[in-house]
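Just so we're aligned, residue 1 is where the sequence shown starts under our numbering, counting upward by one. Written out below as structure tokens is the structure these notes cover.
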Amino acid sequence: MSDVVIRVDGRTASEITVDRTRQTFSYRFNNAGTHSVTFTPGGTLKTMTFTVTAADIDCHAETENLVLHLPSASRSNNEANPGIWTYGTGENQIAATFTNFNWKSDGWQMDADGMIALRVSGDARLTIPYKPFAQDFRATGKTIESEFAARDVLNYDAVLLSCLNAGSGISLTAQTCLLTSEQSSIAMQFKEEEHVRVGFVIEKRSGFRRIYCYINGVMSGVVQYPADDDFSQVTPADITIGSSQCTIDLYCIRVYDNDLSPQQMEDNWIADTQDGALMLERYSHNNVRDEYGNVVIAKLPSDLPYFIIECAELPQ
Numbered sequence: 001m002s003d004v005v006i007r008v009d010g011r012t013a014s015e016i017t018v019d020r021t022r023q024t025f026s027y028r029f030n031n032a033g034t035h036s037v038t039f040t041p042g043g044t045l046k047t048m049t050f051t052v053t054a055a056d057i058d059c060h061a062e063t064e065n066l067v068l069h070l071p072s073a074s075r076s077n078n079e080a081n082p083g084i085w086t087y088g089t090g091e092n093q094i095a096a097t098f099t100n101f102n103w104k105s106d107g108w109q110m111d112a113d114g115m116i117a118l119r120v121s122g123d124a125r126l127t128i129p130y131k132p133f134a135q136d137f138r139a140t141g142k143t144i145e146s147e148f149a150a151r152d153v154l155n156y157d158a159v160l161l162s163c164l165n166a167g168s169g170i171s172l173t174a175q176t177c178l179l180t181s182e183q184s185s186i187a188m189q190f191k192e193e194e195h196v197r198v199g200f201v202i203e204k205r206s207g208f209r210r211i212y213c214y215i216n217g218v219m220s221g222v223v224q225y226p227a228d229d230d231f232s233q234v235t236p237a238d239i240t241i242g243s244s245q246c247t248i249d250l251y252c253i254r255v256y257d258n259d260l261s262p263q264q265m266e267d268n269w270i271a272d273t274q275d276g277a278l279m280l281e282r283y284s285h286n287n288v289r290d291e292y293g294n295v296v297i298a299k300l301p302s303d304l305p306y307f308i309i310e311c312a313e314l315p316q
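Here is the structure:
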């Protein structure tokens with residue numbers, strides 16, 4: 001066994017313990033230019049230099065009003081501390097709690113597509129000590145996104161991710177996502193065993209008071225909440241993940257104290273993609289808008305039928 005320190009541009013990216021079997025390390029460079037990656041097993045130093053060319057795409061995840069972001073990319077069970085997953089620093093740091101992980105069959109695993117996920121299975125549980133529904137957020141809006149896959153399903157009603165109290169909050173099962181408030185609810189379905197991204201956007205009450213559900217960056221459901229609705233929980237709940245009746249591969253969680261636009265939700269879905277080729281494919285396929293967010297007919301695929309409806313904006 002050997003302890004290996006991996007540094008990217010001088011910053012420690014991973015500290016792992018390896019044996020003589022083949023090991024895989026993944027890392028995504030987010031900036032163009034020359035980058036160095038050093039591997040230090042014991043007293044040996046191996047340096048590799050990479051030249052990264054900027055892609056001809058302009059896509060990035062939203063950062064304004066971001067209050068929680070936990071990505072699984074580049075993680076490994078061979079790290080010195082695989083049970084550390086944090087966002088923020090100092091007294092505002094949010095640190096997830098791992099319970100009953102064996103770090104062999106669960107933990108940071110590579111899926112069939114070569115992407116790293118946090119696998120929560122069996123008796124393993126993850127608790128994120130962040131309470132999205134601690135206050136009523138009608139004044140600011142709210143966005144909650146999670147990217148995951150439900151696997152080895154024994155019970156399709158098993159709750160994989162939950163932040164519920166007294167019937168209010170969010171919950172995810174192998175095939176459904178649900179958000180409820182004091183007077184409103186919205187739910188959508190998807191398919192188990194598929195890598196899916198689910199997002200809920202709650203508009204400010206100063207707007208049209210809409211609740212959106214997004215599936216893979218696409219607006220897939222909408223309801224309007226009453227003016228006197230309330231999204232706060234009596235006893236605010238943390239985010240809990242895991243079920244003994246279904247495995248969940250978790251790729252990313254994002255929470256914003258703001259209501260993101262359709263363009264921002266699409267950009268997040270594309271930007272968080274771990275596979276560079278897939279990211280480019282998604283961007284190229286969805287690059288049909290101008291700088292103001294309007295669909296440009298000339299940018300649509302030539303073989304794509306379309307139907308134009310001109311009407312007042314919902315819910316008018």
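All residues carry an ideal CB built from backbone N, CA and C; glycine is no exception.
* What's the call for Leu118, buried or exposed, on a 16-neighbour Cβ count within 10 Å? -> As a first step, residue 118 is located in the sequence shown; it is residue number 118 there, counting from the start. Taking a 10 Å sphere around the C-beta of Leu118, we find 16 or more other C-beta atoms and assign the residue as buried.
* Asked: Glu192: which of Pro226, Glu79, Glu147, Gly169 sits nearest, CA to CA?
  -> The residue you call residue 192 lines up with position 192 of the sequence shown. Out of Pro226, Glu79, Glu147, Gly169, Glu147 has the C-alpha closest to the C-alpha of Glu192.
* Are there three or more Cβ pairs, one per stretch, closer than 8 Å when the stretch 15–28 is compared with the stretch 76–88? -> With contact defined as three or more Cβ pairs closer than 8 Å, the stretch 15–28 and the stretch 76–88 are in contact.
* Classify Ala158 as helix, strand or coil using the three-state DSSP reduction. => Working through the sequence shown from its first residue, we reach residue 158 at position 158. Reduced to three states, the DSSP call for Ala158 is coil.
* Asked: Helix, strand or coil: how does DSSP classify His69 here?
  -> Residue 69 sits at position 69 when you count from the first residue of the sequence shown. His69: strand per DSSP, three-state reduction.
* Asked: Residues bridged to Val153 by DSSP?
  -> Counting from one through the sequence shown, the residue named residue 153 turns up at place 153. Partner(s): none; Val153 has no beta bridge.
* Is the Cβ-Cβ distance between Cys213 and Val198 less than 9 Å? -> As a working note, residue 213 is residue 213 in the sequence shown. As a working note, residue 198 is residue 198 in the sequence shown. For Cys213 and Val198, yes; Cβs fall inside 9 Å.
* Do you know how far the Cα of Arg209 is from the Cα of Pro236? -> Counting from one through the sequence shown, the residue named residue 236 turns up at place 236. Counting from one through the sequence shown, the residue named residue 209 turns up at place 209. When rounded, the distance between both Cα atoms is 22 Å.
* When the cut-off is 9 Å and only beta carbons count, does Phe133 lie next to chain B? -> No chain B appears in this structure, which consists of one protein chain only.
* Name the one or two DSSP bridge partners that Lys46 has. => Within the sequence shown, numbered from 1, the residue matching residue 46 stands at position 46. Bridge partners of Lys46: Phe39.
* To do: Enumerate in chain order the residues of its own chain whose CB-to-CB distance from Asp157 is below 7 Å, with the five nearest sequence positions on each side excluded.
  => By 1-based counting over the sequence shown, the position of residue 157 is 157. Thr173, listed in sequence order.
* Asked: What are the boundary residues of the alpha helix (DSSP H) that includes Tyr212?
  -> Here the question's residue 212 lines up with position 212 in the sequence shown. Run containing Tyr212: none in the alpha helix (DSSP H); it sits in the beta strand (DSSP E), 210–215.
* **Cys177 to Gly221 span [Cα, whole Å]** => Position 177 of the sequence shown, counted from the first residue, corresponds to residue 177. Position 221 of the sequence shown, counted from the first residue, corresponds to residue 221. Their backbone Cα atoms lie some 11 Å apart in a straight line.
* Asked: Does the count of Cβ pairs from the stretch 112–132 and the stretch 59–75 closer than 8 Å reach three?
  -> yes
* Supposed close pair Glu266, Gly207 - CB separation, criterion 8 Å -> On the sequence shown, position 266 is the one that residue 266 refers to. On the sequence shown, position 207 is the one that residue 207 refers to. Contact flag wrong, Cβ pair sits at about 19 Å.
* Asked: Using the rule of at least 16 other Cβ atoms within 10 Å of the residue's Cβ for burial, across every protein chain shown, is Cys252 buried or exposed?
  -> The residue labelled residue 252 in the question sits at position 252 within the sequence shown. Cys252 comes out buried.
* Ignore the nearest five residues each way along the sequence and tell me which others in Arg138's own chain have a CB closer than 6 Å to its CB. => Mapped onto the sequence shown, residue 138 falls at position 138. In its chain, beyond the 5 residues on either side, Arg205 have a beta carbon closer than 6 Å to the beta carbon of Arg138.
* If you follow the beta strand (DSSP E) that Gly276 is part of, which residue opens it and which one closes it? -> Position 276 of the sequence shown holds residue 276. Premise fails: Gly276 lies in the alpha helix (DSSP H), 276–286, not in any beta strand (DSSP E).
* Under the rule that 16 or more other beta-carbon atoms within 10 Å means buried, what is Met279, buried or exposed? -> For the purposes of this step, residue 279 is taken as residue 279 along the sequence shown, with counting starting at 1. With 16 or more Cβ atoms within 10 Å of its Cβ, Met279 is classed as buried.
* At what residues does the beta strand (DSSP E) containing Ala267 begin and finish? -> For this step, residue 267 is matched to residue 267 along the sequence shown. Per the sequence presented here, residue 267 reads as Asp, with Ala not at that position. From DSSP, Asp267 is part of no beta strand (DSSP E) but of the alpha helix (DSSP H) over 262–271.
* **Unbroken beta strand (DSSP E) run spanning Ala117, endpoints** => Locating residue 117 in the sequence shown gives position 117, counting from the first residue. Run containing Ala117: 116–120, per the beta strand (DSSP E) assignment.
* To do: On a CA-only basis, which of Ile297, Pro41, Leu66, Ser26 is nearest Gln109? Give me that one, please.
  => Counted from its first residue, the sequence shown places residue 109 at position 109. Closest option to Gln109, Cα to Cα, is Ser26.
* **Cβ neighbours of Ala227 in the same chain (closer than 7 Å, five flanking residues each side left out)** => Start at 1 with the first residue of the sequence shown, and residue 227 comes out as number 227. Counting only Cβ-Cβ distances below 7 Å, and skipping sequence neighbours, we find Arg205, Arg209.
* To do: Return yes when the Cβ of Phe231 is within less than 9 Å of the Cβ of Glu182, no when it is not.
  => Along the sequence shown, one-based indexing puts residue 182 at 182. Along the sequence shown, one-based indexing puts residue 231 at 231. Yes, Cβ-Cβ distance for Glu182 and Phe231 is below 9 Å.
* Write down the C-beta distance between Ser162 and Thr240 rounded to the nearest angstrom, noting that I regard them as a contact closer than 8 Å. => As a working note, residue 162 is residue 162 in the sequence shown. As a working note, residue 240 is residue 240 in the sequence shown. Right, the Cβ-Cβ distance comes to about 5 Å (below 8 Å), so this counts as a contact.
* To do: Put Ile84 into one of helix, strand or coil per three-state DSSP.
  => Residue numbering aside, residue 84 sits at position 84 when the sequence shown is read from its first letter. Three-state result, Ile84: coil.
* To do: May I have the straight-line CA-CA distance separating Glu145 from Asn268, to the nearest angstrom?
  => Position 145 of the sequence shown, counted from the start, is the residue given in the question as residue 145. Position 268 of the sequence shown, counted from the start, is the residue given in the question as residue 268. Using only the alpha carbons, I get a separation of about 9 Å.
* Asked: Should Asp259 be labelled buried (16 or more other beta-carbon atoms within 10 Å of its own) or exposed?
  -> The residue labelled residue 259 in the question sits at position 259 within the sequence shown. The residue in question, Asp259, is buried, as its Cβ has 16 or more Cβ neighbours within 10 Å.
* **Limits of the beta strand (DSSP E) - the one that Ser185 falls within** => For the purposes of this step, residue 185 is taken as residue 185 along the sequence shown, with counting starting at 1. Its beta strand (DSSP E) spans residues 185–189.
* Asked: Looking only at its own chain, which residues have a Cβ that is under 7 Å from the Cβ of Arg151, when we skip the five neighbours before and after it?
  -> Reading the sequence shown from its first residue, position 151 is the one you call residue 151. So the qualifying residues of the chain are Glu193, Thr247, Asp249.
* Tell whether a beta-carbon distance below 9 Å holds between Thr143 and Phe101. => Taking the sequence shown and counting its residues from 1, the one referred to as residue 143 is at position 143. Taking the sequence shown and counting its residues from 1, the one referred to as residue 101 is at position 101. Taking 9 Å as the Cβ cut-off, Thr143 and Phe101 do not qualify as a contacting pair.
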